[in-house]
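Chemist:
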Amino acid sequence: MKERQAAETGLSGKRFHTEGQEKDTMKEQWFVMAKKADFQAIAAKFGIDQVTARIIRNRDITGEEAIAAYLDSSEQQLHDPHLLKDADKGAGILAEKIAAGKKIRIIGDYDIDGVNASYILLTGLRECGALADQVIPDRVHDGYGMNCGMIEKALKDGIDTIVTCDNGISAAPEIALAKQSGITVVVTDHHEVPFTVGENGEKNYHIPAADAVINPKQADCHYPYKGLCGAAVAWKLIQVLYARMGIPAAKSFAMIAHAAFATVGDVMDLTGENRTIVKLGLNAIRKTDNPGLLALIQQNGMEKEQVKAWHFGFVLGPCINASGRLDTAKRSLQLLCEPSLEKASQLAKELVELNDRRKSLTLEGLEAAKRLIEEQGLLEDAVIVVYLPMCHESLAGIIAGRIRELYHKPVFVLTNAEDGGVKGSGRSIEAYSMYEEMSKCSALMTKFGGHPMAAGLSMEKENVDRFRADLNAFATLTEEDFVEKIHIDVPMPLSYITTTLIREFECLEPFGKGNEKPVFAVRNVHPLRASVVGKNKNVLRMVLEDGAGGSVDAVYFGDIEAFFAFLREKSSDRQVEALLHGAPQEIRFSITYDPSIDSYLGREKVQVIIRHYC
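Written out as structure tokens, the structure is:
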């Protein structure tokens, strides 16, 4: 099969539009990636199928050295943590404080990144003999990051040194207060460095006056990879500290599973070093003896050997985040630190139940948001700002993400805060740098921070309308930016799919943001039969045949009613009804799909999961 030419299999993409040629599917544009390379030579060199070679090229992995590294991630591909600006300085400060018996407090964040970063720092510092404890802000009462109340509490508790993780880069006033009070501050963070724009349009960056600031986003930090999450930055600091304290490096690598967990959960790009961290972290979690992780995996009906990046992001991660959203993130940290499997199992069970409650509240908030968008005509705006006064503030980001998926526009969801003001979260599209655009109307907010694709904010209630108006006035988005782009890796006939090829695709993992799961497409398939199954009748099963003579089982988990409406437009009610009664129909349509292996009673067969259709 590996010797089969692309032209023979229809893999050339001639039946689909290549990049630069657009296929309009209402809210979508389909593109076939047309990046060039000698795929036959790559396949022969690395012992892979030409399809796999094409996918690797589509990820902009070129040259034998880069391809080899992509296929076989190893510890040697991790960058030297000493390259992080202030990493040695911060480790030196901590080593001195440990030797002097000073009290050290970790101040983290209430999400999956902050919880895992706190665990890494707490575990690492205590391994070094530190008198260390931790504080995680309450999402509702404290808000994001360090605040002045925490500084005052630290003074009362006799804390000498504060170490932040997943926060701190935007806490200049709080850090100034800590320093004035005689507290040493070490910042570990990964968020964008705050800036103001000068009269000439230049950006003036503002670094807080901490004793050490470890954040690869700093302009004068020469660390080769800028996309680390907060937990990964914390892990790097612990590596440097261990080296300084004479602790074997293997002990720090025991925590790479937590850096990987946070990397996926915080939706960081799975490129470069991040991909290596996650790949190595997944190997580590499959061998973990951490009772908390084991319990969380088991309570979700899994075995540790089954865990993939997807489970980090969509199964395990939401359970960790649920405690910070609806209760306190301290419970998640307690789970990771719990030495007893029995106690950990109870904690994990509670987190799973919290996540189930979060799902229900999210659905309610989403439906309310959709009604408001329609009633207030907000779809006319380039940037959607939805004000949901009664929404739980911890769910604003999730709801914003769901609305972004529905309409493919930047979205902010705002809700009432306990202090009488308004809090909110935003989720963006590739064409809109959220943090940068928010900076243009910073005067309207009491606090804000984030990334190009996500952000959080606080403001006074009376500024909501002005915030919506200003964001839209500053926006330079076009209608083209609002059309979702579906990038097809390979047009591949159904007849080409084998279980061997599907298993080969595992070398491309872990999949996630920046290293998306490959997208395949086939044109002019027609259904031989169809049935709606599942407890809630929410799964469509079909047998599809393509023009190359291949047939395969297909599954669709989307809006089944909309799919049948689509089929009726292409045929008739009678034909669709006949299809549901097992009669093959000459209804032709195109799909994008994921190939998978369906195992039943020990027998394996190929199936495809339909993602898009036209």
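Using numbering that gives the first Met the number 0, read the sequence shown as starting at 0 and increasing by one per residue.
No residue lacks a Cβ here, since even glycine has one placed at the ideal position from N, Cα and C.
1) Distance, Cα to Cα, residue 213 vs residue 310?
2) Distance check for residue 112 and residue 317, CA to CA, integer angstroms please.
3) Are the CB atoms of residue 328 and residue 229 within a distance shorter than 8 Å?
4) Under 7 Å Cβ to Cβ from residue 484, same chain only, skipping five residues before and after it: list those, please.
5) Would you be able to state if there are at least three C-beta pairs under 8 Å between the segment 286-296 and the segment 507-527?
6) Can the beta-carbon of residue 156 be found closer than 8 Å to that of residue 101?
7) If you check the beta carbons only, do residue 139 and residue 104 fall under 8 Å apart?
8) Measuring only the C-alpha atoms, how far is residue 9 from residue 549?
9) Which residue wins for smallest C-alpha separation from residue 241, given the options 128, 58 and 188?
10) Please name the residue or residues paired with residue 552 in a DSSP beta bridge.
11) Residue 6 to residue 84, Cα distance in whole Å?
12) Please classify residue 584: does DSSP put it in a helix, a strand, or coil?
13) Which of helix, strand or coil does DSSP assign to residue 102?
14) Check whether the segment 553-560 and the segment 526-541 are in contact - that is, three or more C-beta pairs closer than 8 Å.
15) Going by the CB atoms, is the gap between residue 368 and residue 319 shorter than 8 Å?
16) Could you say which of 506, 410 and 238 lies nearest to residue 430 if we only look at CA atoms?
17) Quick check: residue 184 and residue 174, are their CB atoms within less than 8 Å of each other?
18) Quick check: what's the CA-CA separation for residue 256 versus residue 444?
19) For residue 148, which residues from the same chain have a beta carbon less than 8 Å from its beta carbon, with the 5 sequence-adjacent residues on both sides left out?
20) Quick one: Cα of residue 36 to Cα of residue 56, how far?
21) How long is the line joining the alpha carbons of residue 596 and residue 172, rounded to whole angstroms?
22) Specify the secondary structure class of residue 322 as computed by DSSP and reduced to three states.
23) Alpha carbon to alpha carbon, how far is residue 21 from residue 482?
24) Just confirm the distance between the C-beta atoms of residue 569 and residue 588, as a whole number of angstroms; I'd bet it's less than 8 Å.
25) Residue 227 and residue 189: beta carbons closer than 8 Å?
26) Given a cut-off of 8 Å, decide if residue 347 and residue 298 are closer than it, judged by their beta-carbon atoms.
27) Let me know the beta strand (DSSP E) ranges lying completely inside the segment 362-447, each 3 residues or longer, listed in chain order.
28) Alpha carbon to alpha carbon, what distance is there between residue 504 and residue 487?
29) Would residue 540 and residue 583 be called neighbours here (beta carbons separated by less than 8 Å)?
30) Can you tell which of 161, 186 and 414 has its C-alpha closest to the C-alpha of residue 180?
31) Where does residue 273 fall in DSSP's three states?
32) Go ahead and pull the three-state DSSP assignment for residue 289.
33) Quick one: is residue 599 buried, meaning 16 or more other Cβ sit within 10 Å of its Cβ, or exposed?
Modeler: Based on what the coordinates show:
1) Within the sequence shown, numbered from 1, the residue matching residue 213 stands at position 214. Within the sequence shown, numbered from 1, the residue matching residue 310 stands at position 311. Just so you know, the alpha carbons of residue 213 and residue 310 end up roughly 29 Å apart.
2) As a working mapping, residue 317 is identified with position 318 in the sequence shown. As a working mapping, residue 112 is identified with position 113 in the sequence shown. Taking C-alpha positions only, residue 317 is separated from residue 112 by approximately 12 Å.
3) Locating residue 229 in the sequence shown gives position 230, where the first residue counts as 1. Locating residue 328 in the sequence shown gives position 329, where the first residue counts as 1. Inclusion of residue 229 and residue 328 in the CB contact set at 8 Å is not warranted, their separation being larger than that value.
4) On the sequence shown, position 485 is the one that residue 484 refers to. If the five residues before and after residue 484 are omitted, its C-beta is found closer than 7 Å to the C-beta atoms of 28 and 30, all from its own chain and listed in chain order.
5) They do not touch, by the three-pair rule.
6) Within the sequence shown, the letter at position 157 stands for residue 156. Within the sequence shown, the letter at position 102 stands for residue 101. Going by C-beta atoms, residue 156 is not nearer than 8 Å to residue 101.
7) Position 140 of the sequence shown, counted from the first residue, corresponds to residue 139. Position 105 of the sequence shown, counted from the first residue, corresponds to residue 104. It is not a contact, given that the beta carbons lie outside the stated cut-off.
8) Position 10 of the sequence shown, counting from 1, holds the residue named residue 9. Position 550 of the sequence shown, counting from 1, holds the residue named residue 549. For residue 9, the pLDDT reaches just 36, beneath the cut-off of 50, and the residue's location in the model is therefore unreliable, although a value from the coordinates is still provided. If you take the alpha carbons of residue 9 and residue 549, they lie about 13 Å apart.
9) By one-based count along the sequence shown, residue 241 stands at place 242. Taking the Cα of residue 241 as reference, the smallest distance to any Cα among 128, 58 and 188 is reached at 128.
10) Reading the sequence shown from its first residue, position 553 is the one you call residue 552. Residue 552 is bridged by DSSP to 542 and 606.
11) Taking the sequence shown and counting its residues from 1, one reaches residue 6 at position 7. Taking the sequence shown and counting its residues from 1, one reaches residue 84 at position 85. The predicted model places residue 6 with a pLDDT of 31, which falls under 50 and marks its position as unreliable; any figure quoted below should be read in that light. Straight-line Cα distance between these residues: approximately 51 Å.
12) Looking up residue 584 in the sequence shown gives position 585. Residue state, collapsed to three classes: coil.
13) Translated into positions along the sequence shown, residue 102 becomes position 103. Here residue 102 sits in strand by DSSP.
14) The segment 553-560 vs the segment 526-541: in contact.
15) Counting from 1 along the sequence shown, the entry for residue 319 is found at position 320. Counting from 1 along the sequence shown, the entry for residue 368 is found at position 369. Contact flag unset, no.
16) One-based indexing of the sequence shown puts residue 430 at position 431. Looking at the Cα atoms, 410 is the closest of the given residues.
17) The residue given as residue 184 occupies position 185 in the sequence shown. The residue given as residue 174 occupies position 175 in the sequence shown. Result yes, Cβ atoms of residue 184 and residue 174 sit closer than 8 Å.
18) Locating residue 256 in the sequence shown gives position 257, where the first residue counts as 1. Locating residue 444 in the sequence shown gives position 445, where the first residue counts as 1. Straight-line measurement puts the Cα of residue 444 at about 37 Å from the Cα of residue 256.
19) As a first step, residue 148 must be located in the sequence shown, where it is residue number 149. Once the five neighbours on either side are set aside, the close Cβ partners of residue 148 are 141.
20) Residue mapping note: residue 36 aligns to position 37 of the sequence shown, counting from 1. Residue mapping note: residue 56 aligns to position 57 of the sequence shown, counting from 1. A direct Cα-to-Cα measurement between residue 36 and residue 56 gives close to 7 Å.
21) Along the sequence shown, read from residue 1 onward, the residue named residue 596 stands at position 597. Along the sequence shown, read from residue 1 onward, the residue named residue 172 stands at position 173. Rounded to whole angstroms, residue 596 to residue 172 spans 55 Å at the Cα level.
22) Numbered from 1 along the sequence shown, position 323 holds the residue referred to as residue 322. It is helical.
23) The residue given as residue 21 occupies position 22 in the sequence shown. The residue given as residue 482 occupies position 483 in the sequence shown. Since pLDDT at residue 21 reaches only 36, below the 50 mark, its modelled position is unreliable, and the value read off the structure follows with that caveat. A direct Cα-Cα distance of roughly 11 Å separates residue 21 from residue 482.
24) Locating residue 569 in the sequence shown gives position 570, where the first residue counts as 1. Locating residue 588 in the sequence shown gives position 589, where the first residue counts as 1. Right, their Cβ atoms sit about 6 Å apart.
25) For this step, residue 227 is matched to residue 228 along the sequence shown. For this step, residue 189 is matched to residue 190 along the sequence shown. Result yes, Cβ atoms of residue 227 and residue 189 sit closer than 8 Å.
26) Mapped onto the sequence shown, residue 298 falls at position 299. Mapped onto the sequence shown, residue 347 falls at position 348. Cβ distance < 8 Å, so residue 298 and residue 347 count as in contact.
27) For the segment 362-447, whole beta strand (DSSP E) runs of length 3 or above, ordered along the chain, are 383-386, 410-415 and 421-426.
28) In the sequence shown, residue 487 corresponds to position 488, counting from 1. In the sequence shown, residue 504 corresponds to position 505, counting from 1. Answer to the nearest angstrom: the Cα atoms are 15 Å apart.
29) In the sequence shown, the residue the question calls residue 540 occupies position 541. In the sequence shown, the residue the question calls residue 583 occupies position 584. Contact: no.
30) Along the sequence shown, read from residue 1 onward, the residue named residue 180 stands at position 181. If we check each option's Cα against that of residue 180, 161 comes out closest.
31) Locating residue 273 in the sequence shown gives position 274, where the first residue counts as 1. Looking at residue 273 - three-state DSSP - the assignment turns out to be helix.
32) Here residue 289 refers to the residue found at position 290 when the sequence shown is read from its first residue. Three-state DSSP puts residue 289 in coil, outside helix and strand.
33) Mapped onto the sequence shown, residue 599 falls at position 600. Burial check for residue 599: the Cβ neighbour count within 10 Å stays below 16, so the residue is exposed.
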